[in-house]
Structures are given as structure tokens and as C-alpha cells.
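Asker: The listed protein sequences correspond, in order, to chains R and V.
With the numbering used here applied, the first sequence closes on residue 650, and no number is skipped along the way.
With the numbering used here applied, the second sequence closes on residue 650, and no number is skipped along the way.
For every residue, glycine included, the Cβ atom is placed at its ideal position computed from N, Cα and C.
The structure displayed is predicted, hence computed values, not measured ones.
There are 2 protein chains.
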Amino acid sequence: MFRLYSKGCEYAIRAFLYLAAVENGSNKTAQSICRKTKIPESFARKVFQSLVRGGYLEAVPGNGGGYRLCRKPDKVSILEIIKAVDGEKTFEPCILGSSKCNCRKPCLLHSTWEETKQSLLLNLESTCLSELVEFYEEIEIKR
Amino acid sequence: MFRLYSKGCEYAIRAFLYLAAVENGSNKTAQSICRKTKIPESFARKVFQSLVRGGYLEAVPGNGGGYRLCRKPDKVSILEIIKAVDGEKTFEPCILGSSKCNCRKPCLLHSTWEETKQSLLLNLESTCLSELVEFYEEIEIKR
DNA sequence: TCCATCATGGATTTTAATGTCCATGATGCA
DNA sequence: TGCATCATGGACATTAAAATCCATGATGGA
Chain R
508 MFRLYSKGCE YAIRAFLYLA AVENGSNKTA QSICRKTKIP ESFARKVFQS
558 LVRGGYLEAV PGNGGGYRLC RKPDKVSILE IIKAVDGEKT FEPCILGSSK
608 CNCRKPCLLH STWEETKQSL LLNLESTCLS ELVEFYEEIE IKR
Chain V
508 MFRLYSKGCE YAIRAFLYLA AVENGSNKTA QSICRKTKIP ESFARKVFQS
558 LVRGGYLEAV PGNGGGYRLC RKPDKVSILE IIKAVDGEKT FEPCILGSSK
608 CNCRKPCLLH STWEETKQSL LLNLESTCLS ELVEFYEEIE IKR
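Below, the structure is given as C-alpha cells:
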């Protein structure tokens, strides 16, 4: 089945959209983020940790702490979040599953997929958090 | 991690590309298709069966039988194969995992993803087997 | 100091996808 | 008829992703 990104990544994007929407420089606790965006807390915490390591999220320790965005929402693209969670190379493997596929020895789908992929990545790269948030007054992420 | 389609679908496409390349109206046994395209036979057989049911592959029973394409390679798109194996709705679910997401109640990524998806599907739909095969003399699907 | 928070890592469970194996039956060619 | 093939479906094993739980430690505000 088709999947643009992992579940952990889906949760990260939801959390980021939430933080971007409420953000005024302040932080939110992991618990409140997870409740508001309806994501499983114990799983999401691990995702948040890796995002902190990647420099995409800032951890505020201590009482009244939590997480906040490191950069302004207009400087964070969807593609960045995906790569931060699923890895830099998530879109790189050969689409036909060949480990030997490359530009010099392409598989049958290689050039076709390369073109499609470029436009896909371009779209994801040119969409930042602030763009998404400004269309809606209220966060609309519900199961 | 990103995945355009399932493993079963990957194998189906590899098998179709092989059949399109050797095709002159003749059929190939399941065994020879799997060996040539380096796909696991016991798993692929089940995929072939569902493709027969879907009308994408013709089963030739009896001794010297096997499978052959139902339609000419220039009439079969990559998108069709994907949908035949992974289901018609494989690209439909909300990208943010919301079951309530639709055009009237969109999630935050809805319209952005809708656009990106349309161009993705268009590319997959406009690419047929014959296009891919004619670029290569020899089938190049190796692990 | 107390407590709520984040940080870290290990263990475990659940679920879905993937892959293997086997038994039964039908078909069509030599 | 004998055999190689496909058709079907069930049982099962393996693997990866997703989810849960727990224990320990550090931080900073009240």
C-alpha cells in the first residue's frame, strides 16, 4: 500500500502543525501536544527526542517545560520534517527494488520515476508550516 | 519510510515488464517469470492469481501453459498495475491519518497533498509498459 | 526539597506485511 | 493415462513497523 511517510512522521507533522498554530515563542508539554493532536504519547515521545537531536525541535526541561519549534513556521518545510524522521534517504531507494540501480545502470522505471519524484519532492519542499496553518483558524486534526 | 507500492506490486511490475519485453503473444510459465525477474515464486504466484482475477493477466492452463498479458503493453499503465495489486483506493487515504478528512472538512495538508498527488498519479497513469521496455534491449532487473 | 517535566534506553507486545509450505483439484498436451 | 501446469485456500514463519511499558537520571520552578 502507498505510504508517503511512516506513522512516526505523520505524528511529527501533526505535532508541528499544532505547535506552529499555537506558537508565539512559547512551549507546550509533550502531554498536551499529544492530547490535542490525538497521537499516542509513548510513541510520540521517542519521535520528539529524535527531532530534538536533529535540531528541529527544542526541548525545554524542568517544570513547565515541553517542546517548541526551533525555527519559525515559515522556515520549516514538510520535506524537512519527513527527512528528519524517516531519514535523509527515504526517497532514494530504487522503485523496482534493485540495489544495482543507478544513473549509469538504470532499472526500467528509473528515469520515469526520477522525474515524478523530483516534482513530488519539489512540492513537499516548497510547502512550509506557516502556509498550511494560515488557511485554518482552528487546528483540524481529528480521527 | 516512503513506499509507492507494496512488495507484491513491485514484483507484479517486474513481471509485467518482463512479459512485455519478451511478449509476442506467447506465454511464460510462472516459474520462468519468477526466475528471470528474481522474484520469490511462492509469493508471486498469489499476486499473479489476483491479477488474473482483475483481468490484467491471462492464465494459460495445462502443460506448456503459464501467463501472458491480456492487453498490449502500450495499453497498460503503471498506475493500473499498482491499483490492481494494492487496491483502487491505495492513494486515497488522508495523508495526515484523519478518517474525517474530505473536501468539505479538509485536514491541514489536504489541498496541498491533493495537488501533489494529482501530478503523481498523472505521471504514473501516462506511463505504459511499452514506453519503458523500448529503451532497453535487455531486461535489467537484478538485485 | 518536592514535583513535573524531559532524556535515555531496554524490554515487550501487537499488528501488518511479507514469505514459505502444503494439500487438493482442474486442465490440456504428449 | 501420465505429467506439468494453473487454481485455491489454509496454515505457518519471518520480518518490520508501530505501540506500550518501565526504570533511571537530570533539570528547573514553586
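Measuring only the C-alpha atoms, how far is V/Thr619 from V/Arg578?
Answerer: Their Cα atoms are separated by approximately 35 angstroms.
Asker: Inspect the CB distances between the segment 599-615 of chain R and the segment 554-570 of chain R and report whether three or more fall short of 8 angstroms.
Answerer: With a cut-off of 8 angstroms, the segment 554-570 of chain R and the segment 599-615 of chain R do not count as touching, because too few Cβ pairs lie within range.
Asker: Within the same chain, show all residues whose beta-carbon is closer than 8 angstroms to that of R/Glu638, passing over the 5 residues directly before and after it, in chain order.
Answerer: Excluding residues within five positions, the ones whose Cβ falls inside 8 angstroms are Asp581.
Asker: What is the residue span of the beta strand (DSSP E) that R/Val567 lies within?
Answerer: Looking at the DSSP string, the run of the beta strand (DSSP E) that includes R/Val567 is 564-567.
Asker: Please report the straight-line C-alpha distance between R/Lys649 and V/Ser606, rounded to a whole angstrom.
Answerer: Since pLDDT at R/Lys649 reaches only 41, below the 50 mark, its modelled position is unreliable, and the value read off the structure follows with that caveat. Approximately 8 angstroms, taken between the alpha carbons.
Asker: Under 8 angstroms between beta-carbons, which chain V residues line up against R/Thr536? List them in chain order, please.
Answerer: Those within 8 angstroms of R/Thr536 in chain V number zero; the least Cβ separation is about 22 angstroms.
Asker: At a Cβ threshold of 8 angstroms, is R/Glu595 touching chain V?
Answerer: Answer no: the Cβ-Cβ gap between R/Glu595 and chain V never drops below 8 angstroms.
Asker: Using a 10 Å radius around the Cβ and a threshold of 16 neighbouring Cβ atoms, would you call V/Cys635 buried or exposed?
Answerer: Burial call: buried.
Asker: From the beta carbon of V/Tyr512, is the nearest beta carbon of chain R less than 8 angstroms away?
Answerer: Yes, V/Tyr512 counts as interfacial toward chain R.
Asker: Return the chain-ordered list of same chain residues with a C-beta closer than 7 angstroms to the C-beta of V/Val640, the five sequence neighbours on each side being excluded.
Answerer: Answer for V/Val640: Leu524, Ala527, Ala528, Pro580, listed in chain order.
Asker: Taking 8 angstroms as the CB-CB limit, is V/Lys649 close to chain R?
Answerer: At V/Lys649, the pLDDT of 41 sits below 50, so the modelled position is not reliable; the number obtained from the coordinates is stated separately. Judged by the 8 angstroms Cβ criterion, V/Lys649 is in contact with chain R.
Asker: With a 10 Å radius around its C-beta and 16 neighbouring C-beta atoms as the bar for buried, classify V/Lys553 as buried or exposed.
Answerer: Answer is exposed; the Cβ neighbour count stays below 16.
Asker: How many angstroms separate the CA atom of V/Gly515 from the CA atom of V/Val592?
Answerer: V/Gly515 and V/Val592: Cα-Cα distance of roughly 7 angstroms.
Asker: Check whether the Cβ atoms of R/Met508 and V/Ser557 lie closer than 8 angstroms to each other.
Answerer: No, the Cβ-Cβ distance between R/Met508 and V/Ser557 is not below 8 angstroms.
Asker: Given a cut-off of 8 angstroms, decide if V/Ile540 and V/Ala519 are closer than it, judged by their beta-carbon atoms.
Answerer: No; because the gap between Cβ atoms is not below 8 angstroms, this pair is not in contact.
Asker: Quick check: V/Leu586 and V/Glu517, are their CB atoms within less than 8 angstroms of each other?
Answerer: No, these two residues do not count as a Cβ contact at 8 angstroms.
Asker: For R/Glu568 and R/Lys535, I'd like the C-alpha separation in whole angstroms.
Answerer: Here residue 568 of chain R is Pro; the residue named in the question, Glu, does not match the sequence. Rounded to the nearest angstrom, the two C-alpha atoms are 11 angstroms apart.
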